Structure formats: structure tokens, C-alpha cells
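Here the structure comes first, spelled out in C-alpha cells, and everything after it is commentary.
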Amino acid sequence: MNLEKQIEHYLKKLYPLNRSITGDGNRQTLKILQEIIPLKIIEYKSRSQVYDWEIPDEWNVNEAWIKNSHGEKIIDFSNNNLHLVNYSIPFSGKINFSVLKNKLHYREDIPNAIPYRTSYYNPDWGFCISYNDYINKFSMDQEYEVFIDTTLKPGSLSVGELLIHGKSNKEILISTYICHPSMANDNLSGIILTIFLAKELQKKELNFSYRFIFVPETIGAISYCANNELLIKNIDIGLVITCVGGPGKFSYKKSFCSEHELNSIVEDVFNEREIDYITYPFDIHGSDERQFSSIGFRINTITISKDKYYEYPFYHTSLDNLDFVRPEYINESLNVYLNVVEKIDKNIIYKNLQPNCESMLARHNLYPSTGGKFIPQQKLSELDIILWILFLSDGKRSLYNISKEVETKIEIVYEIAAKLEKKRLLDRSEL
Ligand code: ZN
Numbered sequence: 169m170n171l172e173k174q175i176e177h178y179l180k181k182l183y184p185l186n187r188s189i190t191g192d193g194n195r196q197t198l199k200i201l202q203e204i205i206p207l208k209i210i211e212y213k214s215r216s217q218v219y220d221w222e223i224p225d226e227w228n229v230n231e232a233w234i235k236n237s238h239g240e241k242i243i244d245f246s247n248n249n250l251h252l253v254n255y256s257i258p259f260s261g262k263i264n265f266s267v268l269k270n271k272l273h274y275r276e277d278i279p280n281a282i283p284y285r286t287s288y289y290n291p292d293w294g295f296c297i298s299y300n301d302y303i304n305k306f307s308m309d310q311e312y313e314v315f316i317d318t319t320l321k322p323g324s325l326s327v328g329e330l331l332i333h334g335k336s337n338k339e340i341l342i343s344t345y346i347c348h349p350s351m352a353n354d355n356l357s358g359i360i361l362t363i364f365l366a367k368e369l370q371k372k373e374l375n376f377s378y379r380f381i382f383v384p385e386t387i388g389a390i391s392y393c394a395n396n397e398l399l400i401k402n403i404d405i406g407l408v409i410t411c412v413g414g415p416g417k418f419s420y421k422k423s424f425c426s427e428h429e430l431n432s433i434v435e436d437v438f439n440e441r442e443i444d445y446i447t448y449p450f451d452i453h454g455s456d457e458r459q460f461s462s463i464g465f466r467i468n469t470i471t472i473s474k475d476k477y478y479e480y481p482f483y484h485t486s487l488d489n490l491d492f493v494r495p496e497y498i499n500e501s502l503n504v505y506l507n508v509v510e511k512i513d514k515n516i517i518y519k520n521l522q523p524n525c526e527s528m529l530a531r532h533n534l535y536p537s538t539g540g541k542f543i544p545q546q547k548l549s550e551l552d553i554i555l556w557i558l559f560l561s562d563g564k565r566s567l568y569n570i571s572k573e574v575e576t577k578i579e580i581v582y583e584i585a586a587k588l589e590k591k592r593l594l595d596r597s598e599l
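Residue numbers (our numbering): 169 to 599.
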């Protein structure tokens, strides 16, 4: 099966599951992902303290519906899991429309869409319906039977984890969130891209190690940080993958330090692929970069999206579905992320092993045979680049930084540095 067919297969398979911040829908999602990569599933117990938060009781849904006075089910969770406000507490009873209407959520501006609502930390219940249904299926003074059979009891919060080892133990964090029920761009597309990115990286020989995590947004990321604090504190850069499957423009959200080279790497990838993109500044709103960028961790984290959250009209509604998201869009985004990771993986920090005066290049067979060699489309010759790399590799400056200094692509600088490493003129400072 080619990659787009596989993406399509998993979009269809995972789309119907009722995901939330806890519950069986998340576990089933992670188990299905284990078909693709050997994801480890970790369970964090309900009611454990994680920094300023507490992991809530586990939520599961058996059924939920509203019947009219003729006994007809007019709203049914089994038709669309967005119908029930996520984390609704159990309820059963007959109530008049004048009371029920306060429990109904709809969007007048998109009359055929069911909105997505949650009530994780405020025990409540409610239904989300299209405005069309609100107008056509309900009438004043009528009585309705409401039945919500949900369970909220101590269980656990499930997360998925995979560490792909490279030559160095230095880790890059790659995170996505698994808490959204049946919506395709936000964020099934992110889950699927992340899993196939992991699969691609597993095939490669990598310089760095890559920690993939699949967590419910906010509480899952916080739980993971609290349970892996030291390890996360050692990570400098990260990617939060979300909303990557829409028909709209590519964009990226900058990391908290806008000068960080990770931002520039993303822009290089867009430019090299001739992709027109939108740049969003860092903001304290958004996804799990909020946690990873907090004072204790300060991980520079970027997000590349294709139809970013908040920005597309179907955001957080039932119209964010499998007609809106296409496998080919996810594949396009996957290639962008893959290019970014390939550049990150080449961004090694070297130290010159002979810092006192210049090395004698002829002795190492680096001069003059290769000295006169010019590289197509680059200003500098290979000899120039060798000299610059040796001059700048002080154990602090990254190859990406050097590549910008010498106006040469990181791929070329990396190849030349690898040659110098083989000749024992350079050594990696992070190994
Ligand atoms: Zn969302």
C-alpha cells in the first residue's frame, strides 16, 4: 500500500473513535497506532497530582440521546460523538425545552455544523447540535427525555511514547495530541502525520535521538513533563504537530525565542520547497508548546500547520471531517516536517580538535587536491568552507549557524564537516 493509501486507511479507522483527555477511545487509538510503530502505552493514574493539576477521573460513554415526546431519538451520540459535550456527567430525566435549551450548544453562523465543546473540570452535561436541528427538531413548551449514560471513575490517563535512538543521546521532542474526538484536521491529521514521521525516522541513521509522545492536550503534556521532569529539562528543541491536513495555506508558529535557529530552519524548508507560508508569532495560547516552553523547560518549539487551529471556518466543528482533510495534504505536510527534521539532524555542534593555530591541511589530504574545487551554486569553494568550519567550530557554534555565516546550505556544510570528523580534525561536542 502506498503512503497516501495508508494515511487514508488510518484516517478512516481512527476518525470514529471517541477520544477525550482520558478513556477507552484514547487507548484504542494508541493500540491502532501500535500497528505502525512499537509505541509504548503508559498509564498515569487518576487523581495523581501533576504540578498544579490533578489527573481527572476516567470518562467513558455508553450511550447518550434526546428523545422527543413521540419517543423518537432526535439527537444521538451514536450518530456523531460531537453531540455530547465531552466529559458530560451522567443524567437521566424528562425536562421541558425551557430548561433543556440552556444545555444545547449550536453555531448559528454555520447552521449545518455540530460544534465541539468540552467540560473537563466543571462537572456538567450538555449536547451539541447543528443550528438546523435546533430549529427543526425542537419546539417551545415540549418535554424531552434526556439520557446520558457515562462513567466517571478512577482509572488512568493514557499516553503513547516512542524513543528513536540516534548516535547522540541528545533528544528532540516531537509531540502531538490525542484528545479530540471525530474531527479530522484538529487533530487526527496531527496524530497520523506524527506516526508516519516516526516510521520514516526509524528507517534512518540519525545523529540525535527523537522522543515521540502522543498525549491528551494540556493535562497529558503536563502529566508527561511531571513524570519525566529531568529528561524533558535536557531537551532544547521540539515540534508540536497539529492541524496538518487542510486544503489551505501552510503556516508555522514561531518558538518563544524568535531568533532561535529552529525558526530559520523551518523557513529554509518552505523556501527550498517554494511553499508560500504564513508566519505566526509565538503566543501563550495554542497547544502543548505552552507547557514545553514554560520557565522550567524552555524548549524552543515550533508548529507547522496546513490550516492552523483557530484560523479555518470549520475549526472545532463536525465539518472538520474527512471531506475537508485529504491524505495528500497530510503527505505534503509530512514531507515538510521530514525536511525540517533532516536539517535538525544535521545541526551538530563540533569542536576543533586542534584549536591552536591552523591545521596543516595537506598533511590530512585536504589541500590542495580538493582545495580548488568549487561547489555548484555556492559562493565558496570547498577549501574555503573547510577553513571556515575549522575556524568557527569552537564547541558552541552549530553547523546551522556556521552554514548561515558562510552562506552555504547546511547539507553541504554537514558533508564537509563529516569529512573533517573522519580525519579527526573535529569532534562532536554533544556526544
Ligand atoms: Zn482543538
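Every residue gets a Cβ at the ideal spot worked out from N, C-alpha and C, and that includes glycine. On a predicted model such as this, the values are computed, not experimentally measured, just so you know.
Under the three-state DSSP convention, the category D475 falls into: Three-state result, D475: coil.
Among N503, S298, I205 and Y505, the one whose alpha carbon lies nearest that of H251: Measuring from the Cα of H251, the nearest candidate turns out to be S298.
Near the ligand ZN: N355 beta-carbon under 7 Å from a heavy atom: The answer is yes for N355.
Where S566 falls, given that 16 or more other Cβ within 10 Å makes a residue buried: Its Cβ being crowded by 16 or more others within 10 Å, S566 is buried.
Any non-hydrogen atom of the ligand ZN closer than 7 Å to F477 Cβ: The sequence shown places Tyr at residue 477, rather than the Phe named in the question. Indeed, a heavy atom of the ligand ZN lies less than 7 Å from the Cβ.
Presumed contact (8 Å Cβ cut-off) between W293 and I234, rounded CB distance: The beta-carbon distance between W293 and I234, rounded to whole angstroms, is 11 Å. This is too long to meet the 8 Å contact definition.
DSSP state of W293 mapped onto helix, strand, coil: Coil at W293, not helix or strand.
Integer-rounded CB distance, given that V253 should sit under 8 Å from C296: Indeed, because the Cβ distance is near 6 Å, the residues count as touching under 8 Å.
Y288 versus S561: straight-line alpha-carbon distance, rounded: Distance between the alpha carbons of Y288 and S561 is about 50 Å.
Other residues of its chain near N395: CB distance less than 7 Å, five sequence neighbours each side excluded: Around N395, the same chain offers Y212 as residues with beta carbons nearer than 7 Å, after the five sequence neighbours per side are excluded.
Integer-rounded CB distance, given that N489 should sit under 8 Å from T410: Contact doesn't hold; Cβ gap of about 17 Å is too wide.
Cut-off 6 Å between Cβ atoms - residues of its own chain near Q202, not counting five sequence neighbours on either side: Closer than 6 Å at Cβ, skipping near neighbours: no residue.
Proximity test, R428 beta-carbon vs the ligand ZN heavy atom, cut-off 7 Å: As written in the sequence, residue 428 is His, which differs from the Arg given in the question. Flag unset: Cβ of H428 not near the ligand ZN.
Spatially closest choice to K421 from D192, H453, S391 and I443, by CA coordinates: Residue nearest to K421 within the set D192, H453, S391 and I443 is H453 (criterion: CA-CA distance).
Spatially closest choice to N236 from Q310, E583, I204 and T362, by CA coordinates: Considering only Q310, E583, I204 and T362, the residue with the shortest C-alpha distance to N236 is Q310.
H453 beta carbon near the ligand ZN (any heavy atom closer than 7 Å): Checking every heavy atom of the ligand ZN against the Cβ of H453, none is found closer than 7 Å.
Sequence ranges, beta strand (DSSP E) only - wholly within the region 207-293, length at least 3: With a minimum length of 3 residues, the unbroken runs of beta strand (DSSP E) contained wholly in the region 207-293 fall at 208-213, 226-235, 241-244 and 259-264.
Assigned exposure category for S246 - 16 Cβ within 10 Å defines buried: Looking at its Cβ environment, which holds fewer than 16 other Cβ atoms inside 10 Å, S246 is exposed.
Distance between N569 and S597 (C-alpha atoms, nearest Å): Put simply, the backbone Cα of S597 is about 15 Å away from that of N569.
Nearest candidate by alpha-carbon position, reference K401, set E231, R494, F306 and R466: The shortest C-alpha to C-alpha distance from K401 to any of E231, R494, F306 and R466 is the one to R466.
C393, buried or exposed, once every other Cβ within 10 Å from all chains shown has been counted against 16: With 16 or more Cβ atoms within 10 Å of its Cβ, C393 is classed as buried.
Through-space distance from P523 to D444, alpha-carbon basis: Rounded to whole angstroms, D444 to P523 spans 43 Å at the Cα level.
Contact belief for P349 with S188 at Cβ below 8 Å, rounded distance in angstroms: The beta-carbon separation of P349 and S188, rounded to 7 Å, stays under the 8 Å limit for a contact.
Beta-carbon separation (whole angstroms), I363 vs I205, contact threshold 8 Å: That belief holds up - the Cβ atoms of I363 and I205 are roughly 6 Å apart, short of 8 Å.
Cβ pair count under 8 Å reaching 3, the region 496-510 against the region 189-201: Flag = no, the region 496-510 and the region 189-201 do not touch.
Closer than 7 Å: H484 CB and nearest the ligand ZN heavy atom: Answer for H484: yes, Cβ within range of the ligand ZN.
Where Y219 falls, given that 16 or more other Cβ within 10 Å makes a residue buried: Exposed: under 16 other Cβ atoms inside 10 Å.
Cβ-based neighbour list, I282, same chain, cut-off 7 Å, excluding 5 preceding and 5 following: Excluding positions up to five away in sequence, the list reads N248, L250, H251, C296, I297, S298, T485 and S486.
Other residues of its chain near S571: CB distance less than 6 Å, five sequence neighbours each side excluded: Here the set comprises I578 and V581.
D192: first and last residue of the uninterrupted alpha helix (DSSP H) it sits in: It spans D192 to L201 - the alpha helix (DSSP H) in which D192 sits, taken as one unbroken run.
beta-carbon H348 near the ligand ZN non-hydrogen atom, thresh 7 Å: Yes, since a heavy atom of the ligand ZN falls inside the 7 Å radius drawn around the Cβ of H348.
8 Å Cβ shell around S426 - same chain, five flanking residues per side excluded: If you ignore the 5 residues before and after S426, its C-beta comes within less than 8 Å of the C-beta of P449 and F450, all in its own chain and listed in chain order.
Buried or exposed (CB count within 10 angstroms, at least 16 for buried), S391: With 16 or more other Cβ atoms within 10 Å, it is buried.
Validate contact between the region 366-379 and the region 331-350 using beta carbons, cut 8 Å, 3 pairs: The region 366-379, when compared against the region 331-350, does touch it at the 8 Å Cβ threshold.
Option nearest T386 by Cα separation, candidates I175, Y178, T190 and L593: For T386, the nearest C-alpha among the options comes from T190.
Opening and closing residue of the beta strand (DSSP E) in which R565 lies: For R565, the enclosing beta strand (DSSP E) starts and ends at D562 to S566.
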